[in-house]
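Asker:
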Amino acid sequence: MTKIYITQEEFNLDEEYILFENVQKVSKLYIGPSEYDDYDDETRQFLYDFICKQALFPVFLTFEPYNDLTEEIEFAFQKECIQYFLKFESTKKNSFPVFKVIINDAHTLKLILEETFWIASSNQFYSISFSDIISYKLEIKEGVFGGKKSYMFPCFNMKNTTTILKLWHDGQGCNLYTNDPRYSTIEMLTNHLPNETIMENKG
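Under the numbering used here, think of the first position of the sequence shown as 46, with each following residue one higher.
1. Just curious, the beta strand (DSSP E) that Ile209 is in, first and last residue?
2. Starting from the C-beta of Lys98, find all residues in its chain whose C-beta is less than 6 Å away, skip the five residues before and the five after it, and write them out in chain order.
3. Assign Glu241 to one of two classes, buried (16 or more other C-beta atoms within 10 Å of its C-beta) or exposed (fewer than that).
4. How about Leu221 and Leu74: do their beta carbons lie closer than 8 Å?
5. Give the list of continuous beta strand (DSSP E) stretches no shorter than 3 residues that lie fully inside the segment 157 to 203.
6. Considering only residues of the same chain and omitting the five flanking positions on each side of Lys124, which have a CB-CB separation below 6 Å?
7. Do Pro103 and Phe144 come within 8 Å of each other at the CB atom, strictly closer than that value?
8. Given that a residue counts as buried once 16 or more other Cβ atoms are within 10 Å of its Cβ, and exposed if not, what is Ser135?
9. With distances taken from CA atoms, which of Phe105, Leu156, Phe133 is nearest Asp113?
10. Just mark Arg89 as buried or exposed, buried being the case when its beta carbon has 16 or more other beta carbons within 10 Å.
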C-alpha cells in the first residue's frame, strides 16, 4: 500500500532539464511519497503498481548509468533475456552510456526496477515512457560559471499521445509529463491510480 501526494505544476519548456519536440499541450504533475522514510522504495513500488495498472505494455525505460557499470548491467540483462540497446552519447568533451530497455510485461518490469532503480536514486537520468519517443539532442546552454557549453539532453517527441515518468532527485517521486487527457489533471490521474494507493493530499 503506497501513500502519495500529487501536485500540478506549470510546464515551462525553457526551465526543463530535458527537451521536448512537437509540443502542443503538455501537463506536468509531480507524484511523490508522503513519508520520508524509505522514499525511494516507495517510489519504486508506486512506479511498478502504476505502470501495471495502465496495462500499456510495452513501456520503455531510458537511463544513464555510470560509465564503469555498463558491462555489469549488460550481463544482468542478458542473463534475464531482457531486450535492451546501449548507445554512447557524446559532446566534444564528454561521452556517457545510455541504456534503452523494452519492457513487455509486469514480471520484466519488476526485475528491471529491482536491478536498476538505484541509478535513479543516485541522481542519474532515469525515465519510463509509454511509447518509444526518446532521442538525444545537442543543446547549447549557459554553464554554472557563465559562458556557453554544449550538452547532450534526452529529448521526447510529443507529436503523438504519450506519457513520461521521469524520476526526481534521489529517486524521491517523479515528474509525470503527458499530453494524454487521461492523466492531465490531478482529478483525471486519480481515476487511473492503483486501487491500493492512498492519496494523503492534493495540491
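Ideal Cβ placement from N, Cα and C applies to all residues, glycine included.
Answerer: Answer, in terms of the structure:
1. Sequence index remark: in the sequence shown, residue 209 carries index 164 (1-based). Its beta strand (DSSP E) spans residues 208 to 212.
2. As a position in the sequence shown, residue 98 is number 53, starting the count at 1. The beta carbon of Lys98 sits closer than 6 Å to those of Pro239, all from its chain and outside the five residues before and after it, given in chain order.
3. Reading the sequence shown from its first residue, position 196 is the one you call residue 241. Exposed, because fewer than 16 other Cβ atoms sit within 10 Å of the Cβ of Glu241.
4. Sequence index remark: in the sequence shown, residue 221 carries index 176 (1-based). Sequence index remark: in the sequence shown, residue 74 carries index 29 (1-based). For Leu221 and Leu74, yes; Cβs fall inside 8 Å.
5. Secondary structure remark: continuous beta strand (DSSP E) runs of at least 3 residues inside the segment 157 to 203, in chain order: 171 to 174, 179 to 187, 193 to 202.
6. Counting from 1 along the sequence shown, the entry for residue 124 is found at position 79. If the five residues before and after Lys124 are omitted, its C-beta is found closer than 6 Å to no C-beta atom of its own chain.
7. Translated into the one-based positions of the sequence shown, residue 144 becomes position 99. Translated into the one-based positions of the sequence shown, residue 103 becomes position 58. Contact flag unset, no.
8. Reading the sequence shown from its first residue, position 90 is the one you call residue 135. That one is exposed.
9. Taking the sequence shown and counting its residues from 1, one reaches residue 113 at position 68. Among Phe105, Leu156, Phe133, the Cα nearest to that of Asp113 belongs to Phe133.
10. As a working mapping, residue 89 is identified with position 44 in the sequence shown. That one is buried.
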